[in-house]
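Below is one structure, written out as structure tokens; the observations come after it.
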Amino acid sequence: MSLVISDALICNPDRTFKGGVVVENGLIKELRKESGGKGEVEIDASGRFLFPGFIDLHIQGAGGADMLDNSRDKLHIISQTCVRYGVTGFLGTTVYHPDEANMHISSAVQEAHQDLGGARFLGFHLEGPFIAPKKRGMIQPTSICAPSAKVLEDILEITGGLLRMMTIAPELKGSIEIIKRLVDQSIVASFGHSAASYEETLRGFEAGISHVTHLFNAMNQMHHRSPGPLLAIFESEGVTAQVISDGVHIVPPMIRFAVSILGSDRCVLITDGMRAMGLPEGTYIYDGIEYVSKGGVARYYDGTLIGTTLGLNQLARRFLDFTGLPLHTVAKVASWNPASVLGLTGRKGSIEEGKDADMVILNRDFSVWKTIVGGKIVYDSEA
């Protein structure tokens with residue numbers, strides 16, 4: 031099938047320019063500085079923003095479904111909700127229960143090979159189980175255990191070759207060996223839910239950690255006599271960091287501060303999205319515990335932040351508002367950088383000839399007009 035998009039403001043990671051895109055058989059065939067051309071499907075963007083599809087490395091649920099559900103349609107629901115917010119690929123983020131059957135994972139493995147009708151499932155991101163109990167945040171004690179080669183092998187088996195990222199606390203005894211094993215398997219080791227010191231964090235980076243799970247959250251904070259993990263993160267140029275830019279998980283001045291040090295090349299926007307994303311405010315359940323969704327934020331009754339219910343397009347808009355960075359920066363932090371973390375920039379992350387035709391067309395207010403996955407319109411706000 032051929033598709034032609036004309037009169038768009040194309041937003042790539044390094045620049046913006048007016049033009050159009052020709053798509054054939056799911057791939058970007060041509061970029062045109064001038065609009066025009068014929069296709070089986072023709073889209074006049076009328077000056078709207080055309081971004082490479084957003085990639086969410088950290089989403090736990092959406093549209094009423096949760097990765098913890100033992101159901102055969104949760105990925106379909108999450109996938110089809112994601113595209114309403116411009117996301118064309120995602121890591122299903124969940125936890126592993128060391129003493130249970132983990133049917134929520136095995137059912138997702140079976141579902142992963144189906145056409146989900148929306149965003150592409152790019153694999154699993156497991157938060158834990160090798161994390162610090164006192165920095166567990168919303169993760170329940172039943173999803174935490176000491177680092178174990180046996181548990182890791184069980185995880186690798188049950189995830190069926192689809193584990194792409196694991197959040198781990200490097201200070202725990204045995205973590206360094208686990209980190210090295212993850213890297214050997216081409217799985218991203220991500221620092222998070224950790225009580226590590228500055229030195230322990232650096233040792234984790236030396237072992238192969240290359241990413242950080244929700245920067246600032248669920249980790250020790252910086253002090254002038256105890257710099258903790260944050261200084262190690264800021265100093266380590268090869269390490270990328272997830273940012274929840276809702277203004278609540280990280281307040282706007284701290285977002286500006288972090289970006290001023292990391293630069294946009296090292297920031298990755300995530301939602302940490304919950305079941306309530308795309309649904310009315312109210313009470314929902316995560317891992318058997320009720321939480322409240324209000325104002326785009328999900329919290330337990332004790333006030334613990336557990337995620338957002340905002341879409342990535344909404345968080346991208348806030349990121350620009352908070353930082354004052356150029357428009358094309360969104361393509362970097364929401365498309366290119368997450369693709370780079372997963373080693374997918376040869377196929378995704380920018381609008382270039384030969385790449386997957388995964389794109390999102392945004393209105394000027396950053397609401398999603400149309401989302402395209404594999405050259406097909408999978409979401410149309412006017413349909």
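The sequence shown stops at residue 413 when you use this note's numbering, and every number in between is there. In this text, a Cβ means the ideal position worked out from N, Cα and C, and glycines have one as well.
- In the three-state reduction of the DSSP assignment, Cys112 falls in the helix class, which pools H, G and I.
- Just so you know, the alpha carbons of Glu187 and Phe160 end up roughly 17 Å apart.
- The alpha carbon of Gly337 has as its nearest neighbour, out of Ile315, Leu33, Ala288 and Leu61, the alpha carbon of Ile315.
- Met389 sits buried, since 16 or more C-beta atoms from the chains shown fall within 10 Å of its C-beta.
- If you keep only unbroken alpha helix (DSSP H) runs of at least 4 residues inside the stretch 110-154, you get 133-142.
- Boundaries of the beta strand (DSSP E) harbouring Phe79: Phe79 to Pro82, taken from the DSSP string.
- Using a C-beta cut-off of 8 Å, the stretch 272-286 makes contact with the stretch 244-251, since at least three inter-stretch Cβ pairs fall below that distance.
- Residue burial is scored here from C-beta neighbours: Asn42 has at least 16 other C-beta atoms within 10 angstroms and is therefore classed as buried.
- In this structure, Leu105 is the residue among Leu105, His241, Gln215 and Asp351 with its C-alpha nearest to the C-alpha of Gly147.
- The three-state reading of DSSP puts Ile217 in coil, since its state is none of H, G, I, E or B.
- For Leu245, no beta strand (DSSP E) encloses it, and the DSSP letter there is neither H nor E.
- Scanning Ile402, Ala162, Ser411 and Ile135 for the CA closest to the CA of Leu80 turns up Ile402.
- When DSSP states are grouped into helix, strand and coil, Phe47 belongs to the strand group.
- Rounded to the nearest whole angstrom, the CA to CA distance from Met31 to Glu60 is 14 Å.
- Contact between the stretch 95-115 and the stretch 34-51 is absent: fewer than 3 CB-CB pairs across the two stretches fall below 8 Å.
- Ranked by Cα distance from Asn343, the first of Ile391, Gln170 and Ser240 is Ile391.
- The C-beta distance from Ala219 to Ile206 rounds to 10 Å, too long to fall under 8 Å, and the pair is not in contact.
- With a threshold of 16 other beta carbon atoms within 10 Å, Ser323 meets it and is buried.
- Secondary structure of Lys400 (DSSP, three-state): strand.
- DSSP, reduced to helix, strand and coil, places His106 within a helical segment of the structure shown.
- A check of alpha carbon separations from Gly153 across Ile89, His127 and Arg166 identifies Ile89 as the nearest.
- In the structure shown, Met284 falls within a helical segment according to DSSP collapsed to helix, strand and coil.
- Taken atom to atom, the span from the alpha-carbon of Ser397 to that of Arg348 is near 12 Å.
- No Cβ-Cβ contact shorter than 7 Å links Gly158 with Pro177.
- Ranked by Cα distance from Tyr330, the first of Gly341, Thr313 and Ala346 is Thr313.
- The three-state secondary structure of Glu187, taken from DSSP, is helix.
- Taken through DSSP and simplified to helix, strand or coil, Asp295 comes out as helix.
- Within the stretch 349-408, complete alpha helix (DSSP H) segments of at least 4 residues are found at 367-371, given in chain order.
- Sequence-distant partners of Val371 (beyond 5 residues in either direction) whose C-beta falls short of 7 Å from its own C-beta, in its chain, are Leu87, Val218, His241, Thr270 and Val298.
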